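Beneath this line is the structure, given in structure tokens, with notes to follow.
In this note's numbering, the protein residues as written are -17 to 213.
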């Protein structure tokens, strides 16, 4: 299947589901909307890449040789979309919100469908804090039969703690690239490194995700949730 065929198939699946209302900005590619969540539609379980979610990211990773080509293609997944719709409602954001905008916000959530757990080592109770991508995957894997998700937005202190934990932040993964040049192709950077390059080389004082820097899943995008102590 060609790249164009995979794009068309994924876009068709999104439009047929009718979960995305009529948008005010027709210039926005439908597959760039956060509600247009895709999963691997082939025969392989690609867990390291399950948080890519965006159709173009799957295609990019496949064509760069980072995942199997045979039987691997992005396919719109309604359970992921329902999960993201709940996240947008919790954030009070419109359905026109894009992947890049959610990555820029980098919110953290508790799943209210899950009960608080006891940490066996620390003997304290808490919850798992999810990034928006891992939250969507969690709902698909654990609660898809529950109907609607229930999310709780972390306080800023709790979210800062979750973000500061090494290995639990998408920004720390070397899977970012400059959107203005090809310097980082095969030399992927962290988000801050990519932004620093854009500032120094391309003169942008405030680099934006989706415009100046891109999340390119050349490396596995698999950010695990982190245990956060709750009252």
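For every residue, glycine included, the Cβ atom is placed at its ideal position computed from N, Cα and C.
Keep in mind that this is a model prediction, so the values were computed, not measured.
The residues 166, 170, 171, 172, 173, 175, 176, 195, 196, 197 and 198, in chain order, have a CB closer than 8 Å to that of residue 158 in the same chain once the five nearest residues on each side in sequence are set aside. By the neighbour-count definition (other C-beta atoms within 10 Å, threshold 16), residue 80 is a buried residue. Residue 191 carries a strand assignment under DSSP once its states are collapsed to helix, strand and coil. With respect to the C-alpha of residue -1, the residue from 103, 85 and 19 having the closest C-alpha is 19. Beta-bridge analysis with DSSP links residue 57 to 21. Within the DSSP bridge table, the entry for residue -12 names no partner. Closest in alpha carbon position to residue 93, among 2, 119 and 104, is 119. Distance check between residue 207 and each of 82, 122 and 110 places 110 closest, using alpha-carbon atoms only. Of all alpha-carbon atoms in 106, 99 and 117, the one lying nearest the alpha-carbon of residue 84 is that of 117. A residue is called buried when at least 16 other Cβ atoms come within 10 angstroms of its Cβ; residue 129 does not meet this threshold and is exposed.
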